[in-house]
Amino acid sequence: MTTRRSLGEGIAIGGFLLLSIAFALLPLLWALSTALKPASVAESYPPAWWPSPFTFSNFVDVLFGSNLARYLMNSALTATLSIALTLFVAVHAGYAAARFQFAGRKQLLFLILCTSMIPGIAILVPVYLLVTSLGLHNTFVAMVMVYAAWQAPTATWIMRGFFQTIPRELEESAYMDGCSRLMAFYRIVLPLTQPGLAAVGILTFVYVWNDFLIAYALTITDDMRLVQSGLYLYVTAFGIEWSKLMAAAILAVIPPMLTFVLLQSRFIQGLTKGAIK
Amino acid sequence: MLPALVLLLLVSVYPILYALERSLYYTDYLELGPFAGFANYTEFFEFEGGWTSLVNSLVYCGGSLALALPFGMVLALVLNRPLPMRTAIRTILILPWIVSQTIVALLWGWILNPDFGPVPHAIDGLTGIRLAIYGDPDWAMSGVIIANVWHSYALALVMMLAALQAIPQELFEAARVDGAGRWHTFWRITLPMVSPTLLVTTIVLTLHYFNMVTLIWVITGGGPISATETLSVRVFNEAFVQQNLGLASAIGVIVAGLNVVFSLAYIRLLRQDHTA
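So the protein lines, in turn, are chains X and A.
Position 98, counted from 1, in the first sequence is what this note's numbering calls 98; the numbers after and before it change by one each time, with no gaps.
When you read off a place in the second sequence, starting at 1, and then add 1000, the result is the number in this note's numbering.
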């Protein structure tokens, strides 16, 4: 833009941005600093920003001397399975919604959109009762089902959008070449929607990784805990040792942060579309 | 389409009907007791502090919205202009949104820790008072709102930035040719162009805040003496702490009902947006 910008205005904007960046970053840096301090230094008054003396032992201790590694593995497994189930459901439903003409299609799509607006907390109790009565309490199967179901509506809408951008002629020419409908779908259409698959995958990964409520409500034994509920129970079970807790929190925050920094544009696509739940 | 429907019916539609049914009975943990009619609802508001929870929800939503929305909007306006290192700055500003609510809660509990935290230390230095923010019923709500604003302003930033970037540049050029000043341009072009997104963002944030449990619950558990217990936190406490599943279902239905009100407004606005 060519609008003239005065010096004073530049300083005001720069100052505002600096303050905002400090607001965003200082809490994270405080966590990092705490994690790099020995317990005796972390829990002393007045607090010091710079970790001195400096140690990595908190990270080593929580990774090898606690159940954190187990929680991280459980979360990775649950997230992977949830992504697979969400994609399986959303890809087929999204394609049907984009291509097939059938009675009640509009109403069905609207119903799917509506379910994505049912707040998780309002159905957490019945989901808990349902899972318990099916004998699936404290299993990965139950968590994966619930995560996938709660992600599927948004995912279906995202995938439908991507299928609509693919020209029908592509499939029609594949049928001419003797492809069946399913073969054309898996071989030709699906590979073209890779950005959509990635957006849904990232959205589901961060959702599952960061969820506390479902994992807390649906598991009971320590070996089944996912990372967020594991972190919380770590606090209540052993009292708080802040330097170790912050080290564990930083390890838990690395996977979604890396995903975000490396795949930012896809991430933001998912963020603006999947912001409801 | 069929597997999607089965999954949705099983895990979203059936539970809400189940919650409705359960909310009409007295319960003894997993056991269904005698039919209660609307007693769970009326008792919630008459004897169980229902109004306090509702007011807490409104204060939490209103306070968070009043801070996060303008902050995110102004940041979006700043980031929509040419800036050195714009992408890096945007990345940093979005980071708090990626941190899970559990970790946001633990992190702010530590920052505001009265014994070792830097913020109480600074307040102590200025006023001579050592404040236990999350332990004080007068301050706890402000404390959870600040943590929530830190976590969620980025959502407003991202949505508003997308809307600003979608405004055709010709509009600004035309305004400049016509000799419109910058203030004038903002009120007459920028604001009307982004106002649909602004409304949608407001409602998305409101719903998000209204249904939020984890962040508040991990910091304060709804305390001290229910000072931060919103309706949603109340559902969780009744269900998984008090194990009073009938009452929890009833409050859950109330939460869902209020969501419908917000959602209808949301769909209405989206429709208007498409037809306009």
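C-beta: ideal position from N, C-alpha, C; glycine also.
Interface residues of chain A facing residue i [CB-CB closer than 7 Å]
i: Gln107 of chain X; result: Simply none; closest approach about 12 Å.
i: Ser57 of chain X; result: Those do not exist, as Ser57 of chain X stays about 19 Å from chain A at its closest Cβ, beyond 7 Å.
i: Gln228 of chain X; result: Ser1100, Thr1102
Under 7 Å from the C-beta of residue i: neighbouring residues of chain X
i: Pro1096 of chain A; result: Ala24
i: Thr1214 of chain A; result: Phe212, Leu213
Below-7 Å beta-carbon distance, residue i vs any chain A residue
i: Ala31 of chain X; result: yes
i: Gly274 of chain X; result: Model confidence at Gly274 of chain X stands at a pLDDT of 47, short of 50, so the residue's coordinates are unreliable; what they give is reported in the following sentence. Chain A, which has no Cβ nearer than 7 Å to the Cβ of Gly274 of chain X, makes this no.
i: Gln194 of chain X; result: no
i: Trp242 of chain X; result: yes
i: Phe260 of chain X; result: yes
i: Tyr147 of chain X; result: no
i: Pro167 of chain X; result: no
i: Phe54 of chain X; result: no
i: Glu171 of chain X; result: no
i: Tyr71 of chain X; result: no
i: Tyr234 of chain X; result: no
i: Leu257 of chain X; result: The sequence given here has Met at residue 257 of chain X, not Leu. Closer than 7 Å to some Cβ of chain A, the Cβ of Met257 of chain X qualifies, so yes.
i: Leu231 of chain X; result: yes
i: Val144 of chain X; result: no
i: Val91 of chain X; result: no
i: Pro46 of chain X; result: yes
i: Ala248 of chain X; result: no
Chain X within 7 Å of residue i, Cβ atoms only
i: Val1177 of chain A; result: no
i: Gln1242 of chain A; result: no
i: Gly1181 of chain A; result: no
i: Ala1066 of chain A; result: no
i: Val1261 of chain A; result: no
i: Asn1056 of chain A; result: no
i: Pro1015 of chain A; result: yes
i: Leu1283 of chain A; result: Absent from the model: residue 1283 of chain A. The displayed extent of chain A is 1001 to 1276, so no value can be given.
i: Trp1187 of chain A; result: no
i: Ala1256 of chain A; result: yes
i: Ala1239 of chain A; result: yes
i: Arg1268 of chain A; result: no
i: Ala1276 of chain A; result: Per-residue confidence for Ala1276 of chain A stands at a pLDDT of 43, beneath the threshold of 50, marking its modelled position as unreliable; the derived number appears in the next sentence. So no, Ala1276 of chain A is outside the interface.
i: Thr1220 of chain A; result: no
i: Tyr1053 of chain A; result: Here the sequence assigns Ser to residue 1053 of chain A, which means Tyr is not the residue at that position. No - not a single Cβ of chain X is within 7 Å of the one on Ser1053 of chain A.
i: Ser1195 of chain A; result: no
i: Leu1245 of chain A; result: yes
i: Val1078 of chain A; result: yes
i: Ala1174 of chain A; result: no
i: Ser1249 of chain A; result: yes
Rounded Cβ spacing between residue i and residue j (contact assumed at less than 8 Å)
i: Ala155 of chain X; j: Val200 of chain X; result: 4 Å
i: Pro256 of chain X; j: Asn210 of chain X; result: 6 Å
i: Leu1107 of chain A; j: Ala31 of chain X; result: 5 Å
i: Thr1230 of chain A; j: Ser1053 of chain A; result: 6 Å
i: Ala252 of chain X; j: Leu231 of chain X; result: 6 Å
i: Ala1076 of chain A; j: Leu1157 of chain A; result: 5 Å
i: Trp150 of chain X; j: Gly120 of chain X; result: 7 Å
i: Ile1219 of chain A; j: Ala1147 of chain A; result: 7 Å
i: Thr1102 of chain A; j: Phe212 of chain X; result: 5 Å
i: Gln1165 of chain A; j: Asn1080 of chain A; result: 7 Å
i: Met145 of chain X; j: Ala215 of chain X; result: In fact, because the Cβ distance is near 13 Å, the residues do not count as touching under 8 Å.
i: Ala148 of chain X; j: Leu85 of chain X; result: 4 Å
Amino acids of chain X, ordered along the chain, whose beta-carbon sits closer than 9 Å to that of residue i
i: Asn1211 of chain A; result: Pro119, Gly120, Ile121, Ala122, Lys277
i: Leu1075 of chain A; result: Phe16, Leu17, Ser20
Residue i: contacting residues in chain X (beta-carbon distance under 8 Å)
i: Val1235 of chain A; result: Ile121, Ala122, Leu124, Val125
i: Ser1232 of chain A; result: Pro119, Ile121
i: Trp1150 of chain A; result: Phe23, Ala24, Pro27
i: Ala1019 of chain A; result: Ala122, Ile123, Val125, Pro126
i: Val1253 of chain A; result: Ala122
Partner residues on chain A for residue i, Cβ-Cβ distance less than 9 Å
i: Gln264 of chain X; result: Thr1087, Arg1090, Thr1091, Ile1094
i: Gln164 of chain X; result: Neighbours of Gln164 of chain X on chain A: none; closest Cβ ~15 Å, over 9 Å.
i: Ala252 of chain X; result: Ser1100, Thr1102, Ile1103
Contacts of residue i in chain A (Cβ-Cβ under 8 Å)
i: Thr78 of chain X; result: Those within 8 Å of Thr78 of chain X in chain A number zero; the least Cβ separation is about 14 Å.
i: Ala35 of chain X; result: By Cβ distance, chain A contributes nothing, its closest Cβ being about 11 Å from Ala35 of chain X, past 8 Å.
i: Leu245 of chain X; result: Leu1106, Trp1110
*Residue ranges of each alpha helix (DSSP H) within the stretch 205–265 of chain X, 4 or longer*: Taken in chain order, the unbroken stretches of alpha helix (DSSP H) that lie wholly in the stretch 205–265 of chain X and span 4 residues or more are 213–218, 227–238, 242–262.
*Interfacial residues, the stretch 187–218 of chain X to chain A, with Cβ spacing under 9 Å*: Interface annotation for the stretch 187–218 of chain X against chain A: Val206, Trp209, Asn210, Asp211, Phe212, Leu213, Tyr216, Ala217, criterion Cβ-Cβ distance under 9 Å.
*Which residues, taken in chain order from the stretch 1094–1122 of chain A, show a beta carbon closer than 8 Å to some beta carbon of chain X?*
Ile1094, Leu1095, Pro1096, Trp1097, Ile1098, Val1099, Ser1100, Gln1101, Thr1102, Ile1103, Leu1106, Leu1107, Trp1108, Trp1110, Ile1111, Asn1113, Asp1115, Phe1116, Gly1117, Pro1118, His1121: these are the residues of the stretch 1094–1122 of chain A whose beta carbon lies less than 8 Å from some beta carbon of chain X, given in chain order.
*Taking only runs that begin and end inside the stretch 1180–1254 of chain A, name each unbroken alpha helix (DSSP H) of 4 or more residues, in chain order.*
Taking only runs of at least 4 residues, the alpha helix (DSSP H) segments lying wholly in the stretch 1180–1254 of chain A are 1182–1185, 1191–1210, 1214–1220, 1231–1240.
*Scan the stretch 3–18 of chain X for residues whose Cβ lies nearer than 8 Å to a Cβ of chain A and list them as they occur along the chain.*
If you check each beta-carbon in the stretch 3–18 of chain X against every beta-carbon of chain A, the ones closer than 8 Å belong to Thr3, Ile13, Phe16, Leu17.
*Unbroken alpha helix (DSSP H) runs of length 4 or more, entirely within the stretch 147–213 of chain X: which are they?*
The stretch 147–213 of chain X contains these whole alpha helix (DSSP H) runs: 168–176, 181–184, 194–210.
*Could you give the uninterrupted runs of the alpha helix (DSSP H) lying entirely in the stretch 97–131 of chain X, keeping only those of 4 residues or more?*
Runs found: 105–115.
*If you scan the stretch 42–67 of chain X from start to end, which runs of the alpha helix (DSSP H) of 4 or more residues do you find wholly inside it?*
Counting whole runs of 4 or more residues, the stretch 42–67 of chain X contains the alpha helix (DSSP H) stretches 57–65.
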